[in-house]
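K.L.:
In case it helps, this note's numbering puts the sequence shown at residues 102 to 244. Here a beta-carbon is modelled for each residue, glycine too, at the ideal position from N, C-alpha and C. Just so you know, these numbers come straight off a predicted model, no measurement behind them. Below: one structure in structure tokens.
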Amino acid sequence: LFISDDNDGYRQRAVYLIKLIRLAQKYSSLKSYDINDVIGPGGKRNKLGIGRGHKKSKVYEDFVLTRRTQLKSQCNLCEVAIKKVLCYSNNFLFKKLKSQESECRVEKVKGRGKKSANLIPVNKLAQEKCCHGKCTVVYFIRR
102 LFISDDNDGY RQRAVYLIKL IRLAQKYSSL KSYDINDVIG PGGKRNKLGI
152 GRGHKKSKVY EDFVLTRRTQ LKSQCNLCEV AIKKVLCYSN NFLFKKLKSQ
202 ESECRVEKVK GRGKKSANLI PVNKLAQEKC CHGKCTVVYF IRR
């Protein structure tokens, strides 16, 4: 819906998302360690330690966390679309590596807050536009 809106700026919005994808791919390939520290004397590779080879750079973490909220609020993209644009997984958000200091990058919502966080009443669901597949209307067609 963000790209295919009826407004004239659809081309600029598509270019914006493509730039975000390329930037995310670039940042995703960065690691949290310096490659010169890994290559020891004689060209041998030193061991990184548990989980350190998989740890993403701080630049990528900050990029994902700031752009994720921006894409949700301003562009109205769903979580699945944001994951594809910013090139991350659920493990990136919620899994704790052994070499990581903090618990996880995003706070998990539990209990009543999770149930009523972003729910739309069923009678108002038909007026919502989600995508070209009109998945919000499917409920009313098939019931």
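Which residues in the same chain have their Cβ closer than 6 Å to the Cβ of R169, if we skip the five residues on either side of it in sequence?
P.N.:
Walking along the sequence shown from the start, residue 169 turns up at place 68. Same-chain partners within the cutoff: I183.
K.L.:
Give a yes or no on whether the C-beta atoms belonging to V165 and L121 are separated by under 8 Å.
P.N.:
Position 64 of the sequence shown, counted from the first residue, corresponds to residue 165. Position 20 of the sequence shown, counted from the first residue, corresponds to residue 121. Contact flag unset, no.
K.L.:
Would you call the CB atoms of S158 and Y128 closer than 8 Å?
P.N.:
As a working mapping, residue 158 is identified with position 57 in the sequence shown. As a working mapping, residue 128 is identified with position 27 in the sequence shown. Contact: yes.
K.L.:
Who does K157 pair with in a DSSP beta bridge?
P.N.:
Sequence index remark: in the sequence shown, residue 157 carries index 56 (1-based). Answer by DSSP bridge pairing, in chain order: K132.
K.L.:
Just the C-alpha distance for S130 and A115, rounded to the nearest angstrom, thanks.
P.N.:
Working through the sequence shown from its first residue, we reach residue 130 at position 29. Working through the sequence shown from its first residue, we reach residue 115 at position 14. Approximately 23 Å between the Cα atoms of the pair.
K.L.:
Which first and last residues belong to the alpha helix (DSSP H) in which K196 is found?
P.N.:
Counted from its first residue, the sequence shown places residue 196 at position 95. Segment: none, K196 is in no alpha helix (DSSP H) and carries neither H nor E.
K.L.:
Less than 8 Å between the CB atoms is what I'm expecting for C188 and A125, so what's the real figure, rounded?
P.N.:
Here the question's residue 188 lines up with position 87 in the sequence shown. Here the question's residue 125 lines up with position 24 in the sequence shown. So it is a contact: roughly 4 Å between Cβ atoms.
K.L.:
So with Cβ pairs under 8 Å, would you call Q126 a contact of chain C?
P.N.:
The structure shown contains no chain C, having only a single protein chain.
K.L.:
From the DSSP output, in three-state form, read off L172 for me.
P.N.:
Locating residue 172 in the sequence shown gives position 71, where the first residue counts as 1. Reduced to three states, the DSSP call for L172 is helix.
K.L.:
Express the C-alpha separation of K156 and K132 in angstroms, rounding to a whole number.
P.N.:
Within the sequence shown, numbered from 1, the residue matching residue 132 stands at position 31. Within the sequence shown, numbered from 1, the residue matching residue 156 stands at position 55. Their backbone Cα atoms lie some 7 Å apart in a straight line.
K.L.:
Near Y161, which residues of its chain fall below 7 Å by C-beta distance, leaving aside the five closest residues on each side in sequence?
P.N.:
Counting from 1 along the sequence shown, the entry for residue 161 is found at position 60. Cβ within range, chain order: Y128, S129 and L131.
K.L.:
So, helix, strand or coil for L124, using DSSP?
P.N.:
Residue 124 sits at position 23 when you count from the first residue of the sequence shown. Helix at L124.
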